[in-house]
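In my numbering, each residue's number is its place in the sequence shown (first place is 1) plus 3.
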Amino acid sequence: MTVGSMENVEVFTSEGKGRGLKATKEFWAADVIFAERAYSAVVFDRLAARIMWRVEREGTGLTEGCLVSVDDLQNHVEHFGEEEQKELRVDVDTFLQYWPPQSQQFSMQYISHIFGVINCNGFTLSDQRGLQAVGVGIFPNLGLVNHDCWPNCTVIFNNGNHEAVKSMFHTQMRIELRALGKISEGEELTVSYIDFLHLSEERRQQLKKQYYFDCSCEHCQKGLKDDLFLAVKEDPKPSQEVVKEMTQFSKDTLEKIDKARSEGLYHEVVKLCRECLEKQEPVFADTNLYVLRLLSIVSEVLSYLQAFEEASHYARRMVDGYMKLYHHNNAQLGMAVMRAGLTNWHAGHIEVGHGMICKAYAILLVTHGPSHPITKDLEAMRMQTEMELRMFRQNEFMYHKMREAALNNQPMQVMAEPSNEPAPALFHKKQ
């Protein structure tokens, strides 16, 4: 796949959505439909200036490999609320203070358009491991891909590789639009702008607030999987009053947990999670969103505290719930399964850990591709756990003895501190 080549897609008018992209040939899971370099990409808060410099240097026409110019991207400025309009005016005034007077001058309307484009079309740039947001970029062709809560594509950021001695073997920083399954010729290409794990009405509200459109996808119209998001125990089934009380209790507890996490009180976080999960047990099923949010938090924090045995139990429950809700090739599912596999591996559950790592590897081969740094790391883990699993099956006693000796001879490894921020979203939205 040549970066910048767009022969696999075609711009068309999508009913009820405006412009969109459709496939010009058939694709299968893991196929890269197109790869695109950023029109502009910088650390946060400098993107508008970088775009203006490029417009000044090259003009506003189509650049090589682009299906649409920055001028023609949606800005939705007319949909901004009063507070957003006020922030926009401040941003424009600040920009004009720093823009060199000897450079090409742009109208306030055009500068507002650029800020609106960044607000609606900015793509989050993460570090190589996909764990921390480090910047934002504009990818014009990607901006033409419409949203669907259950999409047929995923978009992944790849930092490229410059480790080879000869530059001819280097790969460029780019985004890749990858197929999640079979896509027919002429079918519209879609990605999800937000995380799927929300009630359909909540997703619609979030999309309306952030991207200024009403989602009409099948999952939102029919409320698909909402029953699982709100699932309660069946035998015996709790009353509506009990469910209502537990929902409110869960919301209150999550607020307390957020406060404790922000203050670094991780033992308090674990205590709150345990208490809430215990109270939820006779009421909510394991696909209930409030249960899953607690399981995700407590497994991460316990791993940080080196309590891998307990963390592995919660991680397995979390993955079981996610598998019933996410698309089988969802990138967030793959990352969650990978983390759960690592937790079980650290806990000494080599069979479960290896199985999860293999499952995560299969997902990430589709969503990230074999050359992505995360996939390469996961492949190394898969090979290591496979070797340990063979040893375990040959002599379980000796495996545990060797593992214990290896752990005792190494300094304690401190896990990354749990972040109160979610994993970086793909699509940047100014807060």
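Ideal Cβ positions, reconstructed from N, Cα and C, are used throughout, including at glycine.
Going along the chain, which unbroken runs of the alpha helix (DSSP H) with 4 or more residues stay wholly within the segment 86-157?
-> 111-124
How about LEU295 and TYR269: do their beta carbons lie closer than 8 Å?
-> Within the sequence shown, numbered from 1, the residue matching residue 295 stands at position 292. Within the sequence shown, numbered from 1, the residue matching residue 269 stands at position 266. Going by beta carbons, LEU295 and TYR269 fall outside the 8 Å limit.
CB-CB under 8 Å to ILE366, same chain, minus the five flanking residues each way: which ones, in chain order?
-> Taking the first residue of the sequence shown as 1, we reach residue 366 at position 363. Once the five neighbours on either side are set aside, the close Cβ partners of ILE366 are HIS331, ASN332, ASN333, ALA334, LEU336, GLY337 and VAL340.
Which value, in whole angstroms, describes the spacing of the CA atoms of LEU345 and ARG385?
-> Here residue 345 is taken as the residue at index 342 of the sequence shown, counted from 1. Here residue 385 is taken as the residue at index 382 of the sequence shown, counted from 1. Near 10 Å, if we compare the C-alpha coordinates of ARG385 and LEU345.
Nearest to GLU303 by CA position, among HIS316, ASN291, LEU292 and TYR293, is which residue?
-> Counted from its first residue, the sequence shown places residue 303 at position 300. Distance from the Cα of GLU303 is smallest, within the candidate group HIS316, ASN291, LEU292 and TYR293, for HIS316.
Could you check if LEU210 is buried or exposed, using at least 16 other CB atoms within 10 Å of its CB as the buried criterion?
-> Working through the sequence shown from its first residue, we reach residue 210 at position 207. Its Cβ being crowded by 16 or more others within 10 Å, LEU210 is buried.
Please name the residue or residues paired with ILE300 in a DSSP beta bridge.
-> By one-based count along the sequence shown, residue 300 stands at place 297. Bridge partners of ILE300: none, in fact.
By how many angstroms is the C-alpha of ILE141 removed from the C-alpha of ALA41?
-> Mapped onto the sequence shown, residue 41 falls at position 38. Mapped onto the sequence shown, residue 141 falls at position 138. Taking the straight line joining both Cα atoms gives about 6 Å.
On the premise that GLU10 lies in contact with LEU145, defined as a C-beta separation below 8 Å, what is that separation, rounded to the nearest angstrom?
-> By one-based count along the sequence shown, residue 145 stands at place 142. By one-based count along the sequence shown, residue 10 stands at place 7. About 16 Å separates the two Cβ atoms, so there is no contact after all.
Is the segment 182-198 close to the segment 372-390, with three or more CB pairs under 8 Å?
-> no
Residues near HIS2 in its chain [Cβ-Cβ closer than 8 Å; skip 5 each side] | The structure shown does not extend to residue 2, since the chain is modelled only from 4 through 434, so no value can be given for it.
Leaving out the 5 sequence neighbours to the left and right, which residues in its chain are closer than 8 Å to ALA51 when beta-carbon positions are compared?
-> What you label residue 51 is simply residue 48 of the sequence shown in a count that begins at 1. Only ASP94, PHE98, ILE114, ILE117, PHE118 and ILE121 meet the Cβ criterion.
Local conformation of LYS20 per DSSP, three classes = The residue labelled residue 20 in the question sits at position 17 within the sequence shown. Correct three-state label for LYS20: coil.
According to DSSP, is LYS25 helix, strand or coil?
-> As a working note, residue 25 is residue 22 in the sequence shown. Looking at LYS25 - three-state DSSP - the assignment turns out to be strand.
Report yes if the CB atom of CYS152 is closer than 8 Å to the CB atom of CYS223, and no otherwise.
-> Here residue 152 refers to the residue found at position 149 of the sequence shown. Here residue 223 refers to the residue found at position 220 of the sequence shown. For CYS152 and CYS223, yes; Cβs fall inside 8 Å.
Can you say whether MET359 is buried or exposed, counting buried as having 16 or more other CB atoms within 10 angstroms of its CB?
-> Here residue 359 is taken as the residue at index 356 of the sequence shown, counted from 1. The residue is buried, with at least 16 neighbouring Cβ atoms inside 10 Å.
Anticipated Cβ contact below 8 Å, ARG181 with VAL369, distance rounded | The sequence position of residue 181 within the sequence shown is 178, counting from 1. The sequence position of residue 369 within the sequence shown is 366, counting from 1. With 8 Å as the limit, ARG181 and VAL369 qualify as a contact, their Cβ atoms being about 7 Å apart.
What do you get for LYS362, buried or exposed, if any count of 16 or more other CB atoms within 10 angstroms of its CB means buried?
-> For this step, residue 362 is matched to residue 359 along the sequence shown. Counting Cβ neighbours within 10 Å, LYS362 comes out buried, since at least 16 surround it.
Run the CB neighbour count on GLU18, radius 10 Å, all protein chains shown included, and call it buried at 16 or more, exposed below.
-> Working through the sequence shown from its first residue, we reach residue 18 at position 15. With fewer than 16 other Cβ atoms within 10 Å, it is exposed.
Can you name the residues that DSSP bridges to THR370?
-> As a first step, residue 370 is located in the sequence shown; it is residue number 367 there, counting from the start. THR370 pairs with nothing; no bridge assigned.
Contact the segment 194-206 vs the segment 220-240: 3+ CB pairs below 8 Å | Flag = yes, the segment 194-206 and the segment 220-240 touch.
So what does ILE360 bridge to, in DSSP terms?
-> As a working note, residue 360 is residue 357 in the sequence shown. DSSP lists no partner for ILE360.
Could you spell out the range, first to last residue, of the alpha helix (DSSP H) harbouring SER315?
-> Taking the sequence shown and counting its residues from 1, the one referred to as residue 315 is at position 312. 311-326 is the span of the alpha helix (DSSP H), which, as asked, contains SER315.
Please report how far the alpha carbon of GLU237 lies from the alpha carbon of GLU244, in whole angstroms.
-> Taking the first residue of the sequence shown as 1, we reach residue 237 at position 234. Taking the first residue of the sequence shown as 1, we reach residue 244 at position 241. Cα-Cα distance, rounded: 15 Å.
Chain-order list of residues whose beta-carbon lies under 6 Å from that of GLU13 (same chain, five-residue window excluded) | Indexing the sequence shown from 1 puts residue 13 at position 10. Answer for GLU13: LYS25 and THR27, listed in chain order.
What is the DSSP secondary structure of VAL340, reduced to helix, strand or coil?
-> Along the sequence shown, read from residue 1 onward, the residue named residue 340 stands at position 337. Reduced to three states, the DSSP call for VAL340 is helix.
Pair within 8 Å by beta-carbon distance, PRO154 and LEU128 | One-based indexing of the sequence shown puts residue 154 at position 151. One-based indexing of the sequence shown puts residue 128 at position 125. No, the Cβ-Cβ distance between PRO154 and LEU128 is not below 8 Å.
Terminal residues of the continuous alpha helix (DSSP H) containing GLN350?
-> As a first step, residue 350 must be located in the sequence shown, where it is residue number 347. For the record, residue 350 in the displayed sequence is Ala; it is not Gln. Here ALA350 belongs to no alpha helix (DSSP H), and DSSP marks it neither H nor E.
Can you tell me which of the three DSSP states ILE178 falls into?
-> In the sequence shown, the residue the question calls residue 178 occupies position 175. Strand.
When every heavy atom of the ligand SAM is checked, does at least one fall within less than 7 Å of the C-beta of ASP151?
-> This structure simply doesn't include the ligand SAM, nor any ligand for that matter.
For VAL73 versus PRO143, is the C-beta spacing smaller than 8 Å?
-> For this step, residue 73 is matched to residue 70 along the sequence shown. For this step, residue 143 is matched to residue 140 along the sequence shown. Contact flag set, yes.
Beta-carbon contacts of LEU147 that lie in its chain and below 8 Å, excluding the five residues immediately before and after | Numbered from its first residue, the sequence shown carries residue 147 at position 144. Correct list, in chain order: VAL14, ARG22, GLY23, LEU24, LEU70 and VAL71.
Express the C-alpha separation of LEU292 and TYR325 in angstroms, rounding to a whole number.
-> To locate residue 325, count along the sequence shown from 1; it is residue 322. To locate residue 292, count along the sequence shown from 1; it is residue 289. Computed Cα separation, rounded: 10 Å.
Hey, out of GLY351, GLN105 and ARG277, whose CA is closest to PHE311's CA?
-> Locating residue 311 in the sequence shown gives position 308, counting from the first residue. Ranking the options by Cα distance to PHE311, first place goes to GLY351.
Sequence ranges, alpha helix (DSSP H) only - wholly within the segment 224-301, length at least 4 = 229-232, 243-265 and 269-283
List the DSSP bridge partners of GLU191.
-> Within the sequence shown, the letter at position 188 stands for residue 191. GLU191 pairs with LYS25.
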